[in-house]
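*Asks:*
Chains as they are written, first to last, in our numbering: chain A, 56 to 348; chain B, 6 to 366.
Right under this line is the structure:
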């Protein structure tokens, strides 16, 4: 029974990683860059919810919606200011710029909101479920997190398959220049990808902070790195891959913490990642790209 | 004896000599300033860290700049070097009298350990490419940091006790022995053996080694792999061997940096800020800003970027914010195609005005 509880908690945590990993994987697929600042967008989203709820007493749902708007705008702004001028530069230059943006967001948050830890109040007010005569309790947060994750996955898959903008995304990720020649608005599509990824980051942040209610300017960086790991784990660039990678990573982390060692849970996660990548170097669902000579 | 003539010698030799001269000049100037008391205690405290970061940046540049493989795990090698070095010097403190000898022993141990780890990690990791390689090196770095945090080693009359994750298992009584590595508390009371002079000597040695490596046959092979690995393989270069060589040497230099780092502190612990991926990223920033494949650039940017937050200290809380803005602005200025074009135009204009002036004269 304990195992089942850990498994469910793992799926809950994994769903959060999956939502964040979607942001990483979409941006990677389309702009071929690691957006290191993604984790810090999550943190900004959490602070937005925290401030609007505690200081202005807003309704949780309105404040979550507001934080999605804030993060979406932030994502578009970051893309326009920092990444767009480097569209044709080497990937390493873009990576370092993304790191710069990450530092910037962390330190801006430090100045705006202070260094002390804020305790985040759970925004999810759905009652939990008790099964098997009280032996198996599933919290409302976990249920909502998993449900939200599944809905997002479905909507996103539908969006990419069935809308013009989604098709444009696929085209741009396949070949930017060819897409441009076919009349796809490449810059607009990339902005849209950043917007969606950052909006999702806000939702993921709220769910993460509802489960782990401590908020500091550095809150975003570790889940960010883990979600990035999840994206690579599942095969970066692949949307179902991000989902599978996220869920598996969450389960491994919780089970590792429970059965092996709480201090080593991060090490276990990373060790599993290394083993998977060594067996299948492009991740679980990653496509193997044959090199042309 | 052949005369040294700056104008007729090979370009690479000249570049190298300029780098060495620069480091020595900085050393002499700093020594004079130190003797005359013009250095604030803050800056004095930064001298050794500056050497540490320069060293690790030189090592990472070999991996990123010359081999062309992105590593985000060099803080892990630093961590291995730091802990091995501090462990050895604490263990041998009583039996070795000379400070210098003790440091050299610690340094040797740190370098050997870091290169062993570098080699072991490189064997599987170098099968991967690009971002996958980056994330796996990051993962290894985090694993090293995590494992060091659950490592317990102690010494008493009965010999050396060792435990993993649970210190109670090793039946050690700390009343008649000493802790060598105490889990998350790290290693304490490390003899203070490092200094600015040792740091500068280590930088010079590392520069000498890496310059010689990259200008040798092996170095050319390494750079050929970076430029086009298929072409390199087709002309008979053993890719695995040279990749392993570059990665291992790179890890060894990072380990040396770690030894220097540990002996500058009295207590060394593995925290996310000193040996986590943040440190690896910081070193990578030094390498990329200084210019990949330019050792001089790595040293300069390591020194300047270490100083920058301290120079900006007067701005208090805003300093890291400004640091990040400077970082973004410099990256955009250096790499954005538009800015490169603009710089070329300006340079072209300057060239023209010079020529016109010459003609007029």
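Cβ atoms here follow ideal geometry from the backbone N, Cα and C, with glycine treated the same way.
When you compare the CB of residue 63 of chain A with every CB in chain B, is at least one pair closer than 8 Å?
*Replies:* As a first step, residue 63 of chain A must be located in the first chain, where it is residue number 8. No, no contact with chain B.
*Asks:* Taking residue 170 of chain B as the query, report the chain A residues whose CB atoms sit under 8 Å from its CB, ordered along the chain.
*Replies:* To locate residue 170 of chain B, count along the second chain from 1; it is residue 165. By Cβ distance, chain A contributes 316, 318 and 319.
*Asks:* Residue 97 of chain A touches chain B at which residues, Cβ-Cβ below 8 Å?
*Replies:* Position 42 of the first chain, counting from 1, holds the residue named residue 97 of chain A. None at all; the shortest Cβ gap to chain B is about 17 Å.
*Asks:* Mind checking residue 334 of chain B: buried by the 16 CB within 10 Å criterion, or exposed?
*Replies:* Translated into the one-based positions of the second chain, residue 334 of chain B becomes position 329. It is exposed - the Cβ of residue 334 of chain B has fewer than 16 other Cβ atoms within 10 Å.
*Asks:* If we ignore side chains and look at the alpha-carbon of each, how far apart do residue 6 of chain B and residue 277 of chain A end up?
*Replies:* Locating residue 6 of chain B in the second chain gives position 1, counting from the first residue. Locating residue 277 of chain A in the first chain gives position 222, counting from the first residue. The predicted model places residue 6 of chain B with a pLDDT of 49, which falls under 50 and marks its position as unreliable; any figure quoted below should be read in that light. Cα-Cα distance, rounded: 59 Å.
*Asks:* Relative to chain A, which residues along the region 22-54 of chain B have a C-beta separation below 8 Å, given in chain order?
*Replies:* Per Cβ criterion, the list is empty.
*Asks:* Looking at the C-beta of residue 183 of chain B, does it have a partner C-beta in chain A at a distance below 8 Å?
*Replies:* As a position in the second chain, residue 183 of chain B is number 178, starting the count at 1. It does not; no Cβ of chain A falls within 8 Å.
*Asks:* Please identify the residue among B:359, B:365, B:344 and B:330 whose C-alpha is closest to the C-alpha of residue 161 of chain A.
*Replies:* Numbered from 1 along the first chain, position 106 holds the residue referred to as residue 161 of chain A. Nearest option by C-alpha distance: B:330.
*Asks:* Express the C-alpha separation of residue 113 of chain A and residue 148 of chain B in angstroms, rounding to a whole number.
*Replies:* For the purposes of this step, residue 148 of chain B is taken as residue 143 along the second chain, with counting starting at 1. For the purposes of this step, residue 113 of chain A is taken as residue 58 along the first chain, with counting starting at 1. Cα to Cα, residue 148 of chain B sits roughly 42 Å from residue 113 of chain A.
*Asks:* What does residue 141 of chain B reach in chain A if we use C-beta pairs closer than 7 Å?
*Replies:* Here residue 141 of chain B refers to the residue found at position 136 of the second chain. Simply 329 and 332.
*Asks:* Hey, residue 285 of chain B and residue 295 of chain B: beta-carbon distance below 8 Å or not?
*Replies:* By one-based count along the second chain, residue 285 of chain B stands at place 280. By one-based count along the second chain, residue 295 of chain B stands at place 290. Not in contact: residue 285 of chain B and residue 295 of chain B (Cβ atoms no closer than 8 Å).
*Asks:* Find the residues of chain A that neighbour residue 329 of chain B, judging by a C-beta separation of less than 7 Å, and give them in chain order.
*Replies:* Taking the second chain and counting its residues from 1, the one referred to as residue 329 of chain B is at position 324. Those within 7 Å of residue 329 of chain B in chain A are 155, 158, 159 and 162.
*Asks:* To the nearest angstrom, how far is it from the Cα of residue 97 of chain A to the Cα of residue 57 of chain A?
*Replies:* Counting from one through the first chain, the residue named residue 97 of chain A turns up at place 42. Counting from one through the first chain, the residue named residue 57 of chain A turns up at place 2. Whole-angstrom Cα-Cα distance: 31 Å.
*Asks:* Examine chain A for any beta-carbon lying closer than 8 Å to the beta-carbon of residue 145 of chain B, and answer yes or no.
*Replies:* Against the second chain, residue 145 of chain B aligns to sequence position 140. Yes, contact with chain A.
*Asks:* Closest by CA to residue 84 of chain B, which one among B:265, B:34 and B:248?
*Replies:* The sequence position of residue 84 of chain B within the second chain is 79, counting from 1. Residue B:265 is the option with its Cα nearest to residue 84 of chain B.
*Asks:* Output the distance between the C-alpha atoms of residue 215 of chain B and residue 75 of chain A, rounded to the nearest integer angstrom.
*Replies:* Position 210 of the second chain, counting from 1, holds the residue named residue 215 of chain B. Position 20 of the first chain, counting from 1, holds the residue named residue 75 of chain A. Approximately 41 Å between the Cα atoms of the pair.
*Asks:* What first and last residue would you give for the beta strand (DSSP E) that runs through residue 169 of chain A?
*Replies:* Residue 169 of chain A sits at position 114 when you count from the first residue of the first chain. Note, residue 169 of chain A: premise wrong, no beta strand (DSSP E); not H, not E.
*Asks:* Would you be able to state if there are at least three C-beta pairs under 8 Å between the region 57-74 of chain A and the region 219-228 of chain A?
*Replies:* They do not touch, by the three-pair rule.
*Asks:* Is the beta carbon of residue 111 of chain B sitting closer than 8 Å to the one on residue 93 of chain B?
*Replies:* Working through the second chain from its first residue, we reach residue 111 of chain B at position 106. Working through the second chain from its first residue, we reach residue 93 of chain B at position 88. Yes, the Cβ-Cβ distance between residue 111 of chain B and residue 93 of chain B is below 8 Å.
*Asks:* With burial defined as no fewer than 16 other Cβ atoms inside 10 Å of the residue's Cβ, what is the status of residue 361 of chain A: buried or exposed?
*Replies:* In this structure chain A extends from 56 to 348, so residue 361 of chain A is not present and cannot be described.
*Asks:* List the endpoints of the continuous beta strand (DSSP E) containing residue 161 of chain B.
*Replies:* Here the question's residue 161 of chain B lines up with position 156 in the second chain. Residue 161 of chain B -> beta strand (DSSP E) spans 156-161.
*Asks:* Count the other CB atoms within 10 Å of the CB of residue 287 of chain B; is the residue buried (16 or more) or exposed (fewer)?
*Replies:* The count along the second chain starts at 1 and reaches residue 287 of chain B at position 282. Buried.
*Asks:* Which one or two residues does DSSP pair with residue 166 of chain B in a beta bridge?
*Replies:* The residue given as residue 166 of chain B occupies position 161 in the second chain. B:159, per the DSSP bridge assignment.
*Asks:* Would you give the residue range spanned by the beta strand (DSSP E) that residue 248 of chain B belongs to?
*Replies:* Reading the second chain from its first residue, position 243 is the one you call residue 248 of chain B. Segment 244-267 is the alpha helix (DSSP H) holding residue 248 of chain B; no beta strand (DSSP E) there.
*Asks:* Is residue 272 of chain B close to the ligand MG? I mean its beta-carbon at under 7 Å from any heavy atom of the ligand.
*Replies:* No copy of the ligand MG appears in this structure; indeed no ligand is present at all.
*Asks:* Taking 7 Å as the limit between beta carbons, can you name the residues of its chain near residue 242 of chain B, skipping five residues before and five after?
*Replies:* The residue you call residue 242 of chain B lines up with position 237 of the second chain. Result list for residue 242 of chain B: 226, 229 and 230, in chain order.
*Asks:* DSSP on residue 201 of chain A, reduced to helix/strand/coil?
*Replies:* The count along the first chain starts at 1 and reaches residue 201 of chain A at position 146. Correct three-state label for residue 201 of chain A: helix.
*Asks:* Against chain A, with Cβ distances strictly below 8 Å, would residue 248 of chain B count as a contact?
*Replies:* As a working mapping, residue 248 of chain B is identified with position 243 in the second chain. So, not an interface residue.
*Asks:* Out of curiosity, what's the CA-to-CA distance linking residue 219 of chain B and residue 287 of chain A?
*Replies:* Here residue 219 of chain B refers to the residue found at position 214 when the second chain is read from its first residue. Here residue 287 of chain A refers to the residue found at position 232 when the first chain is read from its first residue. Whole-angstrom Cα-Cα distance: 33 Å.
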